[in-house]
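A.B. asks: Residue numbers (our numbering), protein chains in the order written: chain A, 12 to 410; chain B, 391 to 519.
(1) Nearest to residue 294/A by alpha carbon, out of 374/A, 282/A, 284/A?
(2) So does the stretch 288-306 of chain A actually touch the stretch 464-479 of chain B, counting three or more Cβ pairs closer than 8 Å?
(3) Starting from the Cα of residue 279/A, find the closest Cα among 146/A, 54/A, 248/A and give me that residue.
(4) Quick check for students: name the residue ranges of the beta strand (DSSP E) that lie wholly in the stretch 33-88 of chain A, counting only runs of 3 or more.
(5) Is residue 49/A closer than 7 Å to residue 501/B when the C-beta atoms are compared?
(6) Examine chain A for any beta-carbon lying closer than 7 Å to the beta-carbon of residue 455/B, and answer yes or no.
(7) Whole angstroms is fine: what's the gap from residue 163/A's alpha carbon to residue 320/A's?
(8) Rounded to whole angstroms, how far is the Cβ of residue 102/A from the Cβ of residue 56/A, which I believe are closer than 8 Å?
(9) Compute the Euclidean distance between the alpha carbons of residue 158/A and residue 238/A, then round it to the nearest angstrom.
(10) Listing by chain order, which chain A residues have their CB less than 8 Å from the CB of residue 499/B?
(11) Is the beta carbon of residue 166/A less than 7 Å from the beta carbon of residue 136/A?
(12) Nearest chain B C-beta to residue 309/A closer than 7 Å, yes or no?
(13) Using a Cβ-Cβ cut-off of 7 Å, state whether residue 372/A counts as contacting chain D.
(14) Do residue 328/A and residue 261/A count as a contact pair if the criterion is CB distance below 7 Å?
(15) Check the Cβ of residue 327/A against every Cβ in chain B and list those closer than 8 Å, keeping chain order.
(16) Can you give me the Cβ contacts of residue 299/A inside the same chain, cut-off strictly under 8 Å, excluding the 5 residues immediately before and after it?
(17) Count the other CB atoms, across all protein chains shown, that sit within 10 Å of the CB of residue 283/A; report buried if there are 16 or more and exposed otherwise.
(18) For residue 217/A, count neighbouring C-beta atoms within 10 Å of its own C-beta (all shown protein chains included) and say buried if the count is 16 or more, exposed if not.
(19) Leaving out the 5 sequence neighbours to the left and right, which residues in its chain are closer than 6 Å to residue 399/B when beta-carbon positions are compared?
(20) Measure the beta-carbon distance from residue 186/A to residue 160/A and round it to whole angstroms, keeping in mind my assumption that it falls under 8 Å.
(21) For the beta strand (DSSP E) containing residue 196/A, list its first residue and its last residue.
(22) Restricting to runs no shorter than 3 residues, where is the beta strand (DSSP E) found entirely within the stretch 344-395 of chain A?
(23) Flag this pair as touching only if the stretch 366-380 of chain A and the stretch 106-125 of chain A have three or more C-beta atom pairs under 8 Å; answer yes or no.
(24) In chain order, what residues of the same chain have a beta carbon less than 8 Å from the beta carbon of residue 182/A, not counting five sequence neighbours either side?
(25) Per DSSP, residue 122/A forms a beta bridge with which residues?
(26) Name, in chain order, the residues that DSSP records as bridge partners for residue 475/B.
(27) Tell me, which residues are paired with residue 288/A by DSSP?
(28) Roughly how many angstroms separate the alpha carbons of residue 491/B and residue 467/B, rounded to a whole number?
(29) Below 8 Å on C-beta distance, what does residue 332/A contact in chain B?
(30) Could you tell me if the beta carbon of residue 79/A falls within a distance shorter than 6 Å of some heavy atom in the ligand PLP?
(31) With DSSP as the reference, identify every bridge partner of residue 30/A, one or two as the case may be.
(32) Hey, would you say residue 129/A sits closer than 7 Å to residue 404/A, going by beta carbons?
(33) Since residue 506/B meets chain A, which of its residues come closer than 7 Å, beta carbon to beta carbon?
(34) Run down chain B in chain order and give the residues with a C-beta less than 7 Å from the C-beta of residue 45/A.
(35) How would you label residue 357/A, buried or exposed, when you count the other beta carbons within 10 angstroms and need 16 or more for buried?
(36) Is it right to say residue 402/B is buried, meaning 16 or more other beta carbons lie within 10 angstroms of its own, or is it exposed?
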């Protein structure tokens, strides 16, 4: 399958944007946010037939490491617009000791803390800021629970763009400091990310900033989806059996599900069996879990959201229906864990495997323990947890 | 049961979007551009569901919900109210529910979610894809 037709190199097979709700098509050469007709997120389409003919997965494997080696499946058309700090190609670590304690032989963690700015948010913001640059945007704004703000500040600095960030006043201080040192204007909000989103949206409208809120522009998900490509490559072009993912806005979960579809269409998978997707939330903010248990298509707004995992304190994702759809389609599950179990799992990962996980990442281990108890996972299944960031960014929480 | 939906909203763009979406499903949309007109419309018209913006130019949506719930028109004690707001400021959802709203939605309004929320209370007379 890898004898590809040789053609002049194409940076991206970007085709257009498509509404995830009504299916309307929009030009990818213009600035878009979300669908103006039905107000659903826009997804990026590629000419996958052409990519299938001309792009060689083995050639991609031989390139310099990093997210942008997958550039044909990313939305940037001119290489000079790729704003990179070395994101992507994070380690996939086997967890023998934690696995043994749970009776699992094939337990892994995708260690996203090695990304620039110490979290998986680097991937999405690298893609979004790059596309913003390509579209001529000069100032970007974001509401954040913390890590997305830090990442946007860094990539905006790298792209010589202005950055404004709205974040809750109790956001970990590392996020505030990293954003300000990169030159971003940081506004601390008395509330949580949904409050920050309202204010950022209003400032964007009044002052002409481009809003890179989760799913309110199409490109952050494209950076995140590469986690799915990396997993497929790491498992020799098969997919793991189970992916356990902490879910706030859900970009990574939806992005990986999109990646699996693209990989199948590209003909790059040796086995097209998809993973069961597990969405992990905190008991103090679990809108996806609540909706999943009711088999609903949308989440209710979670009132009085509280958890130590600030990235999970998202009362309702703009793409809730896409998160839920990926869970239903994959025969997955949504599970809520307590803050106490998150802290316990954070300690366990550090002591047993040397991984100082973010609380959101530790939540995936807390969820895994529940799933093992329920016998939802077989002992020999390949299970991948996501540690989405470094515990070093949450020292405030550990007092 | 009828299919009359009252939308209390001062933003004409949102009004147009929701009108088009709901009329596509066969609902009849009654429109009020501020809170006082909204309360008056709820009291004078047959209304099966109310969509209520919170940020209104005269009285806010919470006050609208309170007045509707305490109206002398008996049916208004039970008419479903869906609150919608652009600025999800701290406590908005809690305040909306305690003022008498049944459901809280934040803008931008996803039309498929709106259809689902409305249909949970008022079956669509003309369901389309």
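For each residue, glycine too, the CB sits at the ideal point set by N, CA and C.
C.D. replies: Quick answer:
(1) The shortest C-alpha separation from residue 294/A is found at 374/A.
(2) Pairwise C-beta distances place the stretch 288-306 of chain A out of contact with the stretch 464-479 of chain B, as fewer than three of them are shorter than 8 Å.
(3) Residue 248/A holds the alpha-carbon nearest to the alpha-carbon of residue 279/A among 146/A, 54/A, 248/A.
(4) You should have 53-57.
(5) With contacts defined as CB atoms closer than 7 Å, residue 501/B and residue 49/A qualify as a contacting pair.
(6) Not one chain A Cβ lies under 7 Å of residue 455/B.
(7) Those two C-alpha atoms are separated by around 20 Å.
(8) Between residue 102/A and residue 56/A a beta carbon distance of about 31 Å is seen, past the 8 Å cut, so the two are scored as non-contacting.
(9) Near 17 Å, if we compare the C-alpha coordinates of residue 238/A and residue 158/A.
(10) Correct list: 50.
(11) In contact: residue 166/A and residue 136/A (Cβ atoms closer than 7 Å).
(12) Interface residue, yes.
(13) No chain D appears in the structure shown, which is made up of the protein chains A and B.
(14) Yes. Within cutoff.
(15) By Cβ distance, chain B contributes 496.
(16) Cβ within range, chain order: 258, 261, 290, 292, 310, 328, 331, 334, 335, 338, 345.
(17) Classification of residue 283/A: exposed, given that the 10 Å Cβ count is below 16.
(18) Under this definition residue 217/A is an exposed residue.
(19) Cβ neighbours of residue 399/B beyond the five flanking positions: 405, 443.
(20) The pair is a contact, with the Cβ atoms about 6 Å apart (cut-off 8 Å).
(21) Annotation: the continuous beta strand (DSSP E) that includes residue 196/A extends over 196-200.
(22) For the stretch 344-395 of chain A, whole beta strand (DSSP E) runs of length 3 or above, ordered along the chain, are 344-348.
(23) Touching, per the Cβ criterion.
(24) The beta carbon of residue 182/A is closer than 8 Å to those of 155, 156, 157, 160, 199, 321 in its chain, skipping five residues each way along the sequence.
(25) According to DSSP, residue 122/A bridges with 102/A, 398/A.
(26) Note: residue 475/B sits in a beta bridge opposite 496/B.
(27) Residue 288/A pairs with 254/A.
(28) Cα to Cα, residue 491/B sits roughly 11 Å from residue 467/B.
(29) Within 8 Å Cβ-Cβ: 500, 502, 503.
(30) In the structure on display, the ligand PLP does not appear, and there are no ligands present to speak of.
(31) The partner list for residue 30/A (beta bridge, DSSP) reads 53/A.
(32) Residue 129/A is a Cβ neighbour of residue 404/A, given a cutoff of 7 Å.
(33) Within chain A, the residues near residue 506/B are 308, 309.
(34) Here the neighbours are 498.
(35) So residue 357/A ends up on the buried side.
(36) So residue 402/B ends up on the exposed side.
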